[in-house]
Amino acid sequence: MADQELVALRQKEQEIISTSGTSVSQLQEYDDKLKTLNEREKTLTKEISGLERQSDSLRRDLKELYERETQTQQIINAYGLDENAETFDVTKVLQPLSAEQLHLTELNAKAPATYLTISEGYRSMSTRKNSLEEERNSIVRFIESIEKDKRQTFLDAFDKVDKEIRVIFTKMTGGNAWLELQNEDDIFASGISYLIQFQNKPKRESTSISGGEKTLAAVVFVLALQKLKPSPFYLFDEIDAHLDAPNAEKLGKILAERSKESQFLMVSLKDSVVQRAKLIYGVFPKNGVSHVVIYKDKRLPSMTT
3 MADQELVALR
13 QKEQEIISTS
23 GTSVSQLQEY
33 DDKLKTLNER
43 EKTLTKEISG
53 LERQSDSLRR
63 DLKELYERET
73 QTQQIINAYG
83 LDENAETFDV
93 TKVLQPLSAE
103 QLHLTELNAK
113 APATYLTISE
123 GYRSMSTRKN
133 SLEEERNSIV
143 RFIESIEKDK
153 RQTFLDAFDK
163 VDKEIRVIFT
173 KMTGGNAWLE
183 LQNEDDIFAS
193 GISYLIQFQN
203 KPKRESTSIS
213 GGEKTLAAVV
223 FVLALQKLKP
233 SPFYLFDEID
243 AHLDAPNAEK
253 LGKILAERSK
263 ESQFLMVSLK
273 DSVVQRAKLI
283 YGVFPKNGVS
293 HVVIYKDKRL
303 PSMTT
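Be aware that the sequence shown starts at 3, since it is given in this note's numbering, and climbs by one per residue.
If you want it as structure tokens, here you go:
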């Protein structure tokens with residue numbers, strides 16, 4: 003019977019370990035996705051900038067070709083030339099053309115073909131640019147969605163720990179303790195304040211209280227985290243050393259209650275804490291040699307070693 007219970011406890015321990023890091027792993031996964039997507043967005047932005055520069059160059063080329071084509075057509079119209087005419091009177095236009103020739107540069111006979119090539123390239127570049135813009139916008143929307151989920155995951159964990167701190171601290175001291183975000187608009191770049199208010203005392207930061215009060219605040223914080231991310235066991239080394247008798251007794255009571263969810267291994271010299279332990283190992287010297295005595299709560303099942 004004892005072996006079966008021990009096996010069941012070990013299975014429960016493995017279940018707790020396998021599920022304990024869910025919130026933390028979700029935040030890490032979100033961070034990894036955001037990093038990859040941000041790199042992709044930077045790459046797309048560079049490509050779009052390059053396409054915009056090419057697009058501007060194509061616009062200038064098109065404008066230049068259009069102006070040259072317009073200028074050529076104006077010359078044809080000015081001298082009464084008909085594109086469909088097979089012959090015309092050369093002497094009628096020779097003199098003004100000769101004069102105009104001095105002001106004209108050599109015409110490019112391949113301009114129409116060049117115009118078509120550049121126009122096609124411009125349309126292709128515009129299509130590619132639009133595609134990249136849409137892809138970038140899609141990535142930005144996805145990043146915003148991940149940021150929203152990441153923020154919500156953090157706030158859910160924050161609220162759970164804050165709520166538990168308030169309950170445990172009030173139960174132990176009759177005072178108040180709570181967490182506050184230093185900047186709610188940028189929660190990941192700012193910090194968290196741990197505020198403490200003992201009975202008949204003003205509220206203060208946890209960094210500004212006495213040694214005994216800090217011990218109490220730290221224990222409360224650890225126990226609050228236990229609710230968010232339970233561990234199979236905890237090891238405490240004289241965490242009650244600076245607590246007075248009433249607070250040490252309250253700590254022992256809370257640890258006894260929490261022992262239903264996790265195992266607590268604790269070094270303590272306070273009777274009020276030791277009395278609530280289910281299994282006690284006492285160490286004492288005798289003739290220069292350390293001896294160990296074991297006391298077990300009779301309500302516990304027998305254990306084979």
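Ideal placement from N, C-alpha and C gives every residue a C-beta, glycine not left out.
- For S274, I'd like the list of residues in its chain whose CB is within less than 8 Å of its CB, leaving aside the five on either flank, ordered along the chain. Reading the sequence shown from its first residue, position 272 is the one you call residue 274. Answer for S274: A247, A250, E251 and G254, listed in chain order.
- Item | Span separating the alpha-carbon of K298 from that of K165 | Position 296 of the sequence shown holds residue 298. Position 163 of the sequence shown holds residue 165. Each residue's alpha carbon lies about 35 Å from the other.
- Query: Who are V269's beta bridge partners in DSSP?
  - Reply: By 1-based counting over the sequence shown, the position of residue 269 is 267. Its beta-bridge partners are D239.
- Message: Please confirm whether T209 has its beta-carbon closer than 8 Å to some beta-carbon of chain B.
- Response: Given the protein chain composition of this structure (a single chain), no chain B is represented.
- Task: Quick one: using the 10 Å Cβ neighbour count with 16 as the cut-off for buried, is E357 buried or exposed?
- Result: Because the chain is modelled from 3 through 307, residue 357 falls outside the range shown and cannot be assessed.
- Task: Select from A243, Y236 and L245 the residue whose C-alpha is nearest the C-alpha of S261.
- Result: Taking the sequence shown and counting its residues from 1, one reaches residue 261 at position 259. Closest by alpha carbon: Y236.
- Task: Give me the Cα-Cα distance between T38 and S51, rounded to the nearest whole angstrom.
- Result: As a first step, residue 38 must be located in the sequence shown, where it is residue number 36. As a first step, residue 51 must be located in the sequence shown, where it is residue number 49. Their Cα atoms are separated by approximately 20 Å.
- Just the Cα atoms here: how many angstroms apart are V224 and P232? Within the sequence shown, the letter at position 222 stands for residue 224. Within the sequence shown, the letter at position 230 stands for residue 232. So the two alpha carbons sit approximately 10 Å from each other.
- Could you please give the first and the last residue of the uninterrupted alpha helix (DSSP H) stretch that includes L183? Position 181 of the sequence shown, counted from the first residue, corresponds to residue 183. Unbroken run through L183 is the beta strand (DSSP E), N178 to L183; no alpha helix (DSSP H).
- Query: How many Å lie between K229 and F171 at the Cα?
  - Reply: Within the sequence shown, residue 229 is the residue found at index 227, counting from 1. Within the sequence shown, residue 171 is the residue found at index 169, counting from 1. Using only the alpha carbons, I get a separation of about 14 Å.
- Message: Rounding to the nearest angstrom, what Cα-Cα distance links Q56 and M127 in this structure?
- Response: For this step, residue 56 is matched to residue 54 along the sequence shown. For this step, residue 127 is matched to residue 125 along the sequence shown. Their Cα atoms are separated by approximately 8 Å.
- Query: Would the beta-carbon of I120 fall within 8 Å of that of L60?
  - Reply: Counted from its first residue, the sequence shown places residue 120 at position 118. Counted from its first residue, the sequence shown places residue 60 at position 58. In contact: I120 and L60 (Cβ atoms closer than 8 Å).
- Spatial distance of Q154 from N202 (CA atoms): Along the sequence shown, one-based indexing puts residue 154 at 152. Along the sequence shown, one-based indexing puts residue 202 at 200. Near 36 Å, if we compare the C-alpha coordinates of N202 and Q154.
- Expressed to the nearest angstrom, what Euclidean distance is found between the alpha-carbon atoms of L53 and D151? Position 51 of the sequence shown, counted from the start, is the residue given in the question as residue 53. Position 149 of the sequence shown, counted from the start, is the residue given in the question as residue 151. Going by the C-alpha atoms only, they are around 34 Å apart.
- Query: Once you ignore the five residues that flank V2 on each side, which residues in its own chain have a CB closer than 6 Å to its CB?
  - Reply: In this structure the chain extends from 3 to 307, so residue 2 is not present and cannot be described.
- Taking only the alpha-carbon atoms, compute the straight-line gap between Q265 and P234 and give it to the nearest angstrom. In the sequence shown, the residue the question calls residue 265 occupies position 263. In the sequence shown, the residue the question calls residue 234 occupies position 232. The C-alpha of P234 is placed about 6 Å away from the C-alpha of Q265.
- Quick one: what's got a C-beta closer than 8 Å to E263's C-beta in the same chain, skipping five residues either side? As a position in the sequence shown, residue 263 is number 261, starting the count at 1. For E263, where only same-chain residues beyond five positions count, the Cβ hits under 8 Å are Q228 and P232.
- Between the Cα of L118 and the Cα atoms of A191, E71, V294 and A243, which residue gives the shortest distance? Taking the first residue of the sequence shown as 1, we reach residue 118 at position 116. L118 has its Cα closest to that of E71, out of A191, E71, V294 and A243.
- Message: Runs of 3 residues minimum, wholly inside the stretch 131-160: which ones carry the beta strand (DSSP E) assignment?
- Response: The stretch 131-160 contains no whole beta strand (DSSP E) run of 3 or more residues.
- Task: Locate the beta strand (DSSP E) running through P287, then write down its first and last residues.
- Result: Within the sequence shown, numbered from 1, the residue matching residue 287 stands at position 285. Element bounds for P287: L281 to K288.
- Query: To which residues of the same chain is G284 closer than 8 Å at the C-beta, ignoring the five residues directly before and after it?
  - Reply: As a first step, residue 284 is located in the sequence shown; it is residue number 282 there, counting from the start. The answer, listed in chain order, is V294, V295, I296 and Y297.
- Item | Span of the alpha helix (DSSP H) around Q228 | In the sequence shown, counting from the first residue as 1, residue 228 sits at position 226. Element bounds for Q228: G213 to L230.
- Take L281 as the anchor and find which of L267, N132, K272 and L271 has the nearest alpha-carbon. Your numbering for residue 281 matches position 279 in the sequence shown. Nearest of L267, N132, K272 and L271 to L281, Cα basis: L267.
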